[in-house]
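Residue numbers (the numbering used here), protein chains in the order written: chain F, 397 to 587; chain D, 970 to 1097. A virtual CB, placed ideally from N, CA and C, is assigned to each residue, including glycine. In this text the structure is predicted, and so the values were computed from the model without any measurement.
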Amino acid sequence: MELDRELFLWLNGHVGHYPLLDAAARLLTNEYFVPVSLALGLLFLWFGGRPHERERWQRAVITAALSVGTANAMVAITNFMYYRDRPFTDLTVSLLFYKPPDSSFPSNAAALGFAMATGVWLRHRRAAWYFFLLGGLFPVVRVFAGVHYPSDVLGGALVGVAAALLTNLVIVRLEPVVARLLAAVRTLGMA
Amino acid sequence: MNDFLRLITAQYVLFVFLVSAGVLQLAGARTGGRLCLLSGRRSSALLGGCLLASGYAFFFTQARYGARGLEGAQLFAYFGVGAVAALLVCSGINLLRSGQVVGLGRRLANNLRASVAELRPLFERPRS
């Protein structure tokens, strides 16, 4: 816990020293830039596959989207059982973001980012780097911005990976249903 | 909903619409598909890049994105609205451009029927 706090203070201590870094962090830490960029990545995978790639790419999107839903549920359950104050309640922090009122642990941003990235990785290794890069950067920048401890990010990442692996197990078992749904969507011209 | 939320919602939906249309153009350019607004892969890719850049530039220079605004579920729902609108506009213009509007209603009805037929086995009881 002491290491967690020290690492947080070291990272957050750089706020205010480099205006460009602060501006970049403000851009990356809000609820719009990274989530929309990640969702656009999925949109491209859904519609951008050539005929021989389409099946695998669209299955990557299905796995990633359902993994995000599972991660969301797991974070909600964790928050119901355990509450951790945000760093700014106990420490003197330089904030680059508004004060979120929910639990600090686990990081929702890390859970959703890693769930999506792992979901894609299970089906499409090459495309996954984009999702891991953005999904990994997002929560780290939130530590810098003063709203998460590093252990929140680690916990969130583990929740995200676990959610994707769990979702993949279910998808593999429900293969005929997924195949039929995909065929129905394609027949409608939406894929 | 207060004025700030109303404004950022409108800005967010427009942002999602522009960048989704951009991504659909890039996807269409890659597949040579039915979502392209222009003929030719290079012009579609160029248009896609412009739409993406203008969407990001519009939102992140105009909106107060650092303040507490939309919640997670709202972000998800409004993303759906913007992305589906972009998909409908791109498909619609592409259909008009390629002259496939004649008999569109009948084709859609047939596709819907075929799509339901694909799903029917999921709801049937297995015969013993």
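Flag residue i as yes if its beta-carbon sits less than 9 angstroms from any beta-carbon of chain D, otherwise no.
| i | result |
| --- | --- |
| G585(F) | yes |
| Y545(F) | no |
| F540(F) | no |
| W525(F) | no |
| Y494(F) | yes |
| P415(F) | no |
| F534(F) | no |
| E427(F) | yes |
| N468(F) | yes |
Pick out whichever of the options has its Cα sitting closest to the Cα of residue i.
| i | options | result |
| --- | --- | --- |
| G1061(D) | L993(D), A1014(D) and S1023(D) | L993(D) |
| M586(F) | R450(F), T425(F) and T563(F) | R450(F) |
| D481(F) | E571(F), R401(F), T583(F) and V573(F) | R401(F) |
| L436(F) | L533(F), V457(F) and L492(F) | V457(F) |
| T563(F) | P483(F), Y494(F), P572(F) and T466(F) | T466(F) |
| R1076(D) | L584(F), R576(F) and R522(F) | L584(F) |
| F1092(D) | V573(F), M397(F) and P415(F) | V573(F) |
Could you spell out the range, first to last residue, of the alpha helix (DSSP H) harbouring residue i?
| i | result |
| --- | --- |
| M586(F) | Where M586(F) is concerned, there is no enclosing alpha helix (DSSP H), given that its DSSP letter is neither H nor E. |
| M398(F) | It is Glu, not Met, that sits at residue 398(F) in the sequence shown. Segment E398 to N408, the alpha helix (DSSP H) holding E398(F). |
| G465(F) | P447 to M477 |
| E1040(D) | Segment: none, E1040(D) is in no alpha helix (DSSP H) and carries neither H nor E. |
| S433(F) | F429 to F443 |
| L424(F) | P415 to T425 |
| D548(F) | P546 to R569 |
| L1016(D) | R1010 to Q1031 |
| D972(D) | D972 to T1000 |
| P535(F) | R521 to F540 |
| S1084(D) | L1073 to F1092 |
| V516(F) | N504 to W517 |
If you drop the 5 nearest sequence neighbours on each side, which residues of the same chain put their C-beta closer than 7 angstroms to that of residue i?
| i | result |
| --- | --- |
| V464(F) | L508, A511 and M512 |
| V982(D) | Y1047, V1050 and G1051 |
| Y479(F) | S499 |
| A460(F) | L438, M512, G515 and V516 |
| L407(F) | V539 and F540 |
Within its chain, find whatever has a CB closer than 8 angstroms to the CB of residue i; leave out the 5 residues flanking it on each side and keep chain order.
| i | result |
| --- | --- |
| L1020(D) | L987, V988, A990, G991 and Q994 |
| L424(F) | V430, L533, F534 and V537 |
| Y526(F) | G437 |
| H410(F) | L417 and F540 |
Is residue i close to chain F, meaning its C-beta is less than 9 angstroms from at least one C-beta of that chain?
| i | result |
| --- | --- |
| A1083(D) | yes |
| L1004(D) | yes |
| V988(D) | yes |
| L976(D) | no |
| S1023(D) | no |
| T1000(D) | yes |
| R1066(D) | no |
Indicate, with yes or no, if the ligand MN has a heavy atom lying under 8 angstroms from the CB of residue i.
| i | result |
| --- | --- |
| F1029(D) | Although the ligand MN was asked about, the structure shown includes no ligands whatsoever. |
Leaving out the 5 sequence neighbours to the left and right, which residues in its chain are closer than 6 angstroms to residue i when beta-carbon positions are compared?
| i | result |
| --- | --- |
| G551(F) | F501 and P502 |
| R1003(D) | N1063 |
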